[in-house]
Structures are given as C-alpha cells and as structure tokens.
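Start counting the sequence shown at 3; every next residue gets the next number (the working numbering). Here a beta-carbon is modelled for each residue, glycine too, at the ideal position from N, C-alpha and C.
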Amino acid sequence: MGLGGRHGSGLCAARMAQRPMTRANPQRPVVTTALHDARLQAVETAVTKTGARTLLDLGCGAGDLLLRLALLPGLTRLTGIDIDLPSLRAAQARLADLPPETRAKVQLAQASMTVAHPNLRGYDCACLVETIEHLPLGDLNRLERALFSDMRPGHVIVTTPNAEFNPVLGVPSHRFRHPGHHFEWDRARFAGWAEGVAARHGYTVTCHAIGEAHPALGGASQMAVFARLG
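See below:
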C-alpha cells in the first residue's frame, strides 16, 4: 500500500495510486448532507485563500474533500492518507472517474497521521476534516508533534463538531454524534486547544463557525485555520 490515516503503522514503499484496484463490487452509495456540503465548501474556500499549490488530506476517508479540491486549478499535487483500507479503495474508485489530467494530481496512501513520515513534509496545506475526534485523546499529542513539529505545512485546516450544537441536532447529552467519536468539544475547548498548538509551534490561528450559526450555540461544526509564522 502506500503512505495512510487514522492509527497505522509505518510508511510502505509502494503508493496506492500505482496499484490496480478491482471495481467488480459496487461501492456503497455516497451519502451527503447539507452540513457536510457546507463543511466541505468552508474548507475549499479556506484552502483557496491560502494560495496552496500542494495539499495533504489527513484522514481522507472515501475522498469527499479530494474529489472537490482536485478540480481546483491552483492545486497541482494532492495526497490523501487514511488507515482504513476499504475507505481508501472507495476513494480510489471514485477518483478513477475524474479526467485523467485531474486524477494524475492525486495520490492515496495508507499510513498514520500520528506518525511523522519524511515524504509528508513540505506541503503548503494540510486538512483534517472531522478527523481529530476519531482519535483517542491520548493520541492528540502524537498528532500535534507529527503534524506541527515535523511535517510543518504552511497552513493547517481542522474541522470538528461543535458539541454545543448537539441539542439542536437531537443528540442526547450522554451521546456523541457518531459512535466512532472519542470526544466532541465545545467552542471554548476547541479554541483553547488550537491556540495552544499555535503558540507551541509557531503558527497563528483563527476559529470559525461552519453551517448556519445559532445565536447562542454557534455553528454545527467549527474550523481552525492555522498559518505558519515566518
């Protein structure tokens, strides 16, 4: 396999994009929601504002973000990593439907976002879309070191659910939005984490609401945009 995403082992030599994949079995239908679309649009807008030419999608899943960003003419190289092989195969199949010149800009790989890989250094922008909440809290420090200390992309864009908004979505107070979530933060907790990361590693950060914001509870999701100093 190649590089990859949420808790994995080390870096392998071959890239997924160089391996043929069967499409005999139909992929599950792609399900989207208005909030998911708003989240992807917010990230796309933020990426465009950075002026990035190269992009790293950490925890890329089935490729929702990559499919959108690959169409941006300003981006010349995109790499998606994830630890989940079925998700990567789904992304590979979906990307195969893109025009050849667009598909050639994208590579997929299986690796861990919490482990620093030399091949993942030097990117203009890294995106983590609804990904950090899938990590055990104890792994956040490993992610921070790997991403902000070793890989050090020019910009980092992170989105995560806003726990304050859960009652609006009908989520009971004793549950998370998804069974795979290890935590969900309110706006103050997320901003505090983001500001701490920025201060420790030489970045600035701004936080934004995603989706139609409630006057008291904020948006359904929240986004931090980090910019490296110097």
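Reduced DSSP secondary structure (H/G/I, E/B, other) of residue i
| i | result |
| --- | --- |
| residue 220 | strand |
| residue 178 | coil |
| residue 193 | helix |
| residue 27 | The predicted model places residue 27 with a pLDDT of 34, which falls under 50 and marks its position as unreliable; any figure quoted below should be read in that light. Coil, per DSSP. |
| residue 98 | coil |
| residue 199 | helix |
| residue 173 | coil |
Rounded separation between residue i and residue j - CA only
| i | j | result |
| --- | --- | --- |
| residue 168 | residue 36 | 16 Å |
| residue 115 | residue 143 | 11 Å |
| residue 23 | residue 83 | The predicted position of residue 23 is uncertain, since its pLDDT is 32 and thus under 50; a value taken from the coordinates is nonetheless stated next. The alpha-carbon atoms of residue 23 and residue 83 are separated by roughly 17 Å. |
| residue 166 | residue 220 | 7 Å |
| residue 156 | residue 203 | 12 Å |
| residue 148 | residue 171 | 34 Å |
| residue 161 | residue 71 | 16 Å |
| residue 89 | residue 63 | 5 Å |
| residue 213 | residue 75 | 26 Å |
| residue 2 | residue 229 | Shown here, the chain extends from 3 to 232; a query on residue 2 therefore has no answer. |
| residue 217 | residue 198 | 26 Å |
One or two residues paired with residue i in a DSSP bridge
| i | result |
| --- | --- |
| residue 120 | Paired residues: none, contrary to the question. |
| residue 230 | 205 |
| residue 211 | 224 |
| residue 164 | 187 |
Closer than 8 Å is the cut-off here; do at least three beta carbon pairs connect the stretch 95-103 with the stretch 123-137?
no
Continuous alpha helix (DSSP H) assignments of at least 4 residues falling wholly in the stretch 102-149:
102-105 and 142-146
Enumerated in chain order, which unbroken segments of the alpha helix (DSSP H) with a length of 4 residues or greater are wholly contained in the stretch 23-96?
36-52 and 66-71
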